[in-house]
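Have a look at the structure below, then the notes.
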Amino acid sequence: MPPLIDWSDVNRRYPETLKLADATQADSSWVPFAIAELHARLSPGFTVPFSDNNMTAKDLAIDLTFAKVYRFKDVEKADSVMTYVGAQIDMLLAGHLQMITTSADTLLASGGTVTLTGTQDHPIFGIGPTEYSVVSSSEIIAEQNDRGIF
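When you line the sequence shown up against the working numbering, it's residues 37 to 186, in that order.
Printed below as a string of structure tokens:
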């Protein structure tokens, strides 16, 4: 899979980075570590790694790379970009923003894991194609009785 971004993506958005690192150095150090951090921070809600058609992930990876590199030149500017990236990540994980791909598909955070509330929980539906499933009020009442709800 091609990398999410490369140093030229960062240079196009932030031309001042052209003087800070050469492409070989940046593509082997700054860029992959920024992408790894982005994956780590978004992994609680999304499947990672992101493909290079995820425009939202690319956008955040560019800004995150810039903030990491520019921190040595201008801490205030780097911190403001990092604050923006952090807020975007928080909103994505909370489901207030969706990721957008180049084909205009949207991806919403999964919302975490499902946990059972007790060891006696039973599924209402059995295994089988959902189009053949029938909801029976007596089955629902029986399930609720088994769980102590009724």
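All C-beta atoms in this analysis are idealised placements derived from N, C-alpha and C, irrespective of residue type, glycine included. Being a predicted model, the structure only gives us computed values, none of them experimental.
Residue j and residue i - do their beta-carbons sit closer together than 8 angstroms?
i, j, result
"Gln-124", "Leu-96", "yes"
"Val-46", "Phe-102", "yes"
When you compare only the Cα positions, how much space is there between residue i and residue j?
i, j, result
"Ser-146", "Ser-174", "32 angstroms"
"Pro-38", "Ser-87", "8 angstroms"
"Pro-85", "Arg-183", "39 angstroms"
"Leu-128", "Leu-78", "8 angstroms"
"Leu-74", "Glu-179", "43 angstroms"
"Thr-83", "Ala-70", "17 angstroms"
"Lys-104", "Ile-185", "53 angstroms"
"Ala-62", "Lys-109", "15 angstroms"
"Ile-160", "His-132", "Because the pLDDT at Ile-160 is just 49, under 50, the model does not fix this residue reliably, and the value given afterwards should be weighed accordingly. For Ile-160 and His-132, the distance between alpha carbons rounds to 31 angstroms."
"Trp-43", "Val-117", "17 angstroms"
"Thr-53", "Asp-115", "16 angstroms"
"Thr-60", "Ala-140", "32 angstroms"
"Ser-64", "Asn-181", "60 angstroms"
"Val-111", "Asp-126", "22 angstroms"
Between residue i and the rest of its own chain, which residues show a CB-CB distance below 7 angstroms, the 5 nearest in sequence each way excluded?
i, result
"Thr-138", "Asn-89, Met-91"
"Thr-119", "none"
"Lys-113", "Tyr-106"
"Pro-51", "none"
Tell me which same chain residues have a C-beta within less than 6 angstroms of the C-beta of residue i, skipping the five on either side of it?
i, result
"Ile-98", "Ile-41, Asp-45, Val-46, Arg-49"
"Val-121", "Leu-96, Asp-99, Leu-100"
"Ile-176", "none"
"Ala-57", "none"
Please report the Cβ distance between residue i and residue j, rounded to the nearest whole angstrom; I am assuming they are in contact, meaning their Cβ atoms lie under 8 angstroms.
i, j, result
"Arg-76", "Met-135", "According to the sequence shown, residue 76 is Ala rather than Arg. Actually they are not in contact, since the Cβ atoms of Ala-76 and Met-135 sit about 16 angstroms apart, beyond 8 angstroms."
Counting only the same chain and skipping the five closest in sequence on each side, list residues whose C-beta sits under 8 angstroms from that of residue i.
i, result
"Thr-142", "Gln-134, Met-135, Ile-136"
> Unbroken alpha helix (DSSP H) runs of length 4 or more, entirely within the stretch 83-108: which are they?
Replying inline: The qualifying runs are 91-106.
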